[in-house]
Amino acid sequence: MLFLGVVLAAVGAFMITIATRQLSRVNEGHHLPMIIGRFAVPSPSKVTALRVGAQAVTAVAAWIVLGATWDYLAPWPSLIGTAMTLVAAVVIPVVAITSAHNRRLRTPAG
124 MLFLGVVLAA VGAFMITIAT RQLSRVNEGH HLPMIIGRFA VPSPSKVTAL RVGAQAVTAV
184 AAWIVLGATW DYLAPWPSLI GTAMTLVAAV VIPVVAITSA HNRRLRTPAG
């Protein structure tokens, strides 16, 4: 089961990477919010659906990782592995693509 969780996390990371790149292209010339905020150009519905799907796949992957590694006597490694699954699949690709997008712009964010 753990292997299935890792594979689903990789699929979720791939999906969120594609969606974030598309969102970056739509907002070319505008700063993207790093974590929370509004986009200058709203996200197309297909990109929003892909992002929501990626987050759902990643949540299922994290749930599988939690279930496969859970130990009542030592829960911390399981909880840390679950959090790392979410961070690696969603946060890292979004922050990396957003940082690269915003770095190319010359105007300050505002």
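Okay, so the sequence shown: first residue is 124 according to my numbering, each after it adds one.
Every residue gets a Cβ at the ideal spot worked out from N, C-alpha and C, and that includes glycine.
Contact defined as beta carbons within less than 8 angstroms: I believe residue i pairs with residue j. What is the distance between those atoms, to the nearest angstrom?
i: T143; j: I220; result: 4 angstroms
i: V183; j: L131; result: 6 angstroms
i: G135; j: A212; result: 5 angstroms
i: V188; j: G128; result: 4 angstroms
i: I139; j: A185; result: In fact, because the Cβ distance is near 13 angstroms, the residues do not count as touching under 8 angstroms.
Name the residue from the options whose alpha carbon lies nearest to the alpha carbon of residue i.
i: R226; options: V210, M157 and M138; result: M157
i: H224; options: I139, G176, A177 and G152; result: G152
i: Q145; options: T192, V170 and H154; result: V170
i: R148; options: A191, V180 and S166; result: S166
To the nearest angstrom, how far is it from the Cα of residue i to the Cα of residue j?
i: S222; j: L155; result: 9 angstroms
i: P200; j: R229; result: 43 angstroms
i: V164; j: R174; result: 16 angstroms
i: A179; j: G190; result: 17 angstroms
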